[in-house]
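Here the numbering used here is used: the first residue of the sequence shown is 1, the next is one more, and so on.
Don't be surprised by glycine CBs; every beta carbon is placed ideally from N, CA and C.
Being a predicted model, the structure only gives us computed values, none of them experimental.
Written below as structure tokens is the structure these notes are about.
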Amino acid sequence: MKILYVNDNDLIGRRFNGHDLQIMLNKKKGYEAKQAVIAKQGTDPNTIRLINTEGGYFIRNKCREMEEKLSIQSMIYPFGELLREHPAFKEADIVHYHLLFNHFMSLYSFKHLAQEKPTVWTLHDPWALTGHCVHPIDCKGWLTGCHNCPHLDRYSPLKEDNSHDIWEIKKGIYKDIDIDIVVASPWMLDLVKRSPLTKHFKRTHLIPFGIDTNIFKKNIKHKELRKKMSIDEKSFVIMFRQDEQEWKGLPYIKQLLEKLDQSLNLTILTVGNTGLLDKYKDKFPIIEYEWLNEPEQLVELYSVANLFLMPSIAESFGMMAIEAMGCSLPVVVFEGTALPSVTFAPECGIALEKENPDEFVETVTRLVKSSDECKRRGDTGRKLVEENYNIELYNQRMMKLYDEISARIK
Numbered sequence: 001m002k003i004l005y006v007n008d009n010d011l012i013g014r015r016f017n018g019h020d021l022q023i024m025l026n027k028k029k030g031y032e033a034k035q036a037v038i039a040k041q042g043t044d045p046n047t048i049r050l051i052n053t054e055g056g057y058f059i060r061n062k063c064r065e066m067e068e069k070l071s072i073q074s075m076i077y078p079f080g081e082l083l084r085e086h087p088a089f090k091e092a093d094i095v096h097y098h099l100l101f102n103h104f105m106s107l108y109s110f111k112h113l114a115q116e117k118p119t120v121w122t123l124h125d126p127w128a129l130t131g132h133c134v135h136p137i138d139c140k141g142w143l144t145g146c147h148n149c150p151h152l153d154r155y156s157p158l159k160e161d162n163s164h165d166i167w168e169i170k171k172g173i174y175k176d177i178d179i180d181i182v183v184a185s186p187w188m189l190d191l192v193k194r195s196p197l198t199k200h201f202k203r204t205h206l207i208p209f210g211i212d213t214n215i216f217k218k219n220i221k222h223k224e225l226r227k228k229m230s231i232d233e234k235s236f237v238i239m240f241r242q243d244e245q246e247w248k249g250l251p252y253i254k255q256l257l258e259k260l261d262q263s264l265n266l267t268i269l270t271v272g273n274t275g276l277l278d279k280y281k282d283k284f285p286i287i288e289y290e291w292l293n294e295p296e297q298l299v300e301l302y303s304v305a306n307l308f309l310m311p312s313i314a315e316s317f318g319m320m321a322i323e324a325m326g327c328s329l330p331v332v333v334f335e336g337t338a339l340p341s342v343t344f345a346p347e348c349g350i351a352l353e354k355e356n357p358d359e360f361v362e363t364v365t366r367l368v369k370s371s372d373e374c375k376r377r378g379d380t381g382r383k384l385v386e387e388n389y390n391i392e393l394y395n396q397r398m399m400k401l402y403d404e405i406s407a408r409i410k
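This is the structure we're talking about:
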């Protein structure tokens, strides 16, 4: 069986964008997998670069400028047609799409491609359900047609309010295709089933992402790693993603740092952006890393930490929370996203109301002072990851889906 994965890039998000799935399938008897991308960063011979010239990137940039000017999204990019003519697409038995809106494929091309080949689409976020935004957060317009959008500046932004028209275009395209939808969380499954755009799809599959639990586990040399990072062995290390995207919760982190008692022996450890927390460097030691693509590097950070914070106000799964749990860290999240169910709160994760900053401070302070609770929640998290988010379980579920599709189309 030949599977083709389609995404805008290969290595960023490789654990959930089809890249690692491709590598796994090519080791299994009876499967042959490739991935088609716009931006190829790695060297895997089974990864296909759809744009091979500077002229291609020039066209992509001009399309992006035009879409921004016209306030439209994923309507004019031509690279789906390149995919359509590629031997890997023509030979594929199943084509599995991931992030479509990252400036490389027209939804009209997607419609035609999906009509030609058995198609799987993993929805990584609610963009497919809205008039323009990746996360509607507290807005309910996606349920009624995205009329008079009150959040045009929300990622992915529009200069003019064409959100209802985009919503209607998506509706028209989706009604003409028959595909398998994959989501990673009960929260996302609920959105797909409620959306007027997607509730007609008969085959929506809940398949949580997986991690390699042989890699994502607490490094036994964590004390040596602390020395290497110049972290006091008695310091309580709080780790989180430093990110300016509005839904990642950085303002709530800043509120927390403002209110936490300076006498607590804390070290702040971040990955992602840098320089966004300079205001607090006189209060607590802050160690910042840029984004790390290699799992082993992330594991080193998780292994020196005592607590992982993920106060996102919108999240359709939360891979970093699962990775942290795999490394035996307690995790604090907010209600209203996929994270409470994904982290099995309150058994493992601690889910708080974002409107109550004092509760956030009290919870973190309690955990700083309670090594027993941290260990209990960390041990529980590790066990739950092994049982529910093991990469082998994810791989088996995906292969079962491909086998079901193959049997159905014969």
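Between Y31 and E404, what straight-line distance do the alpha-carbon atoms span, to the nearest angstrom? 14 angstroms
Closest by CA to T43, which one among D93, I220, L11 and L197? Closest option to T43, Cα to Cα, is L11.
Stretch-stretch touch, CB-based, cutoff 8 angstroms, three pairs: the region 259 to 278 with the region 239 to 247: yes
What residues match up with M239 in a beta bridge as DSSP calls it? L269 and F308
Taking 8 angstroms as the threshold (C-beta atoms), are W187 and A338 in contact? yes
Three or more C-beta pairs closer than 8 angstroms, one from the region 99 to 109 and one from the region 135 to 147: is that the case here? no
When the Cα atoms are used, what is the spatial distance from H103 to N61? The C-alpha of H103 lies about 9 angstroms from the C-alpha of N61.
By the three-class DSSP mapping on this structure, what secondary structure does I322 have? I322: helix per DSSP, three-state reduction.
In chain order, what residues of the same chain have a beta carbon less than 6 angstroms from the beta carbon of E392, not counting five sequence neighbours either side? none
Would you kindly report the start and end of the unbroken beta strand (DSSP E) that includes H96? Segment I94 to Y97, the beta strand (DSSP E) holding H96.
In chain order, what residues of the same chain have a beta carbon less than 7 angstroms from the beta carbon of V237, not counting five sequence neighbours either side? I231, T267, L269, V304, A305 and N306
Taking contact to mean 3 or more Cβ pairs, one atom from each stretch, closer than 8 angstroms, check whether the region 173 to 181 and the region 192 to 204 are in contact. Yes, they touch.
According to DSSP, simplified to helix, strand and coil, what is D165? helix
First and last residue of the uninterrupted alpha helix (DSSP H) at D125: First-last for D125: undefined, no H or E at that position.
Under the three-state reduction of DSSP, which class applies to E290: helix, strand or coil? strand
Distance, Cα to Cα, P45 vs A36? 11 angstroms
Can you give the beta carbon distance from N359 to E353, rounded, assuming they're within the 8 angstroms contact cut? In the sequence under discussion, the amino acid at residue 359 is Glu, which differs from the Asn named in the question. Yes, E359 and E353 are in contact; Cβ-Cβ is about 7 angstroms, under 8 angstroms.
L143: which of E224, K27, S156 and A128 sits nearest, CA to CA? Residue A128 is the option with its Cα nearest to L143.
For the region 47 to 57 against the region 75 to 88, are there 3 or more C-beta pairs whose distance is under 8 angstroms? yes
Opposite K2 in the DSSP bridges: which residues? DSSP output for K2 lists E32 as bridge partner(s).
Test item: CB-CB of A418 and L21 under 8 angstroms: Given that the chain is displayed from residue 1 to residue 410, the structure contains no residue 418 and the question cannot be resolved.
Three-state secondary structure (DSSP) of F317: It is coil, neither helix nor strand.
Using 8 angstroms for Cβ pairs, my map puts I207 next to Y394. What's the rounded Cβ distance? The Cβ separation is near 7 angstroms, so the contact holds.
Cβ-based burial, K369 [other Cβ within 10 Å; buried from 16]: exposed
Please determine, among R366, Y155, L152 and L158, the residue with the shortest C-alpha to C-alpha distance to D261. R366
Alpha-carbon to alpha-carbon, L292 and N7: 19 angstroms
Which residues in the same chain have their Cβ closer than 8 angstroms to the Cβ of H86, if we skip the five residues on either side of it in sequence? If we look at H86 and ignore the five residues flanking it on each side, its Cβ neighbours are A36, I48 and L50.
Spatial neighbours of S406 in its chain, beta-carbon cut-off 6 angstroms, leaving aside the 5 residues before and after: The beta carbon of S406 is closer than 6 angstroms to those of M1 in its chain, skipping five residues each way along the sequence.
Can you have a look at G349 and say buried or exposed, based on whether 16 or more other CB atoms are within 10 angstroms of its CB? buried
Which stretch, first to last residue, makes up the alpha helix (DSSP H) that contains A338? Run containing A338: none; DSSP gives neither H nor E here.
Helix, strand or coil, according to DSSP, for L50 in the structure here? Look at L50 here: in three-state DSSP terms it is coil, with no helix or strand label.
L401 versus R154: straight-line alpha-carbon distance, rounded: 34 angstroms
Is the region 273 to 288 close to the region 151 to 168, with three or more CB pairs under 8 angstroms? no
Which value, in whole angstroms, describes the spacing of the CA atoms of Y302 and L329? 8 angstroms
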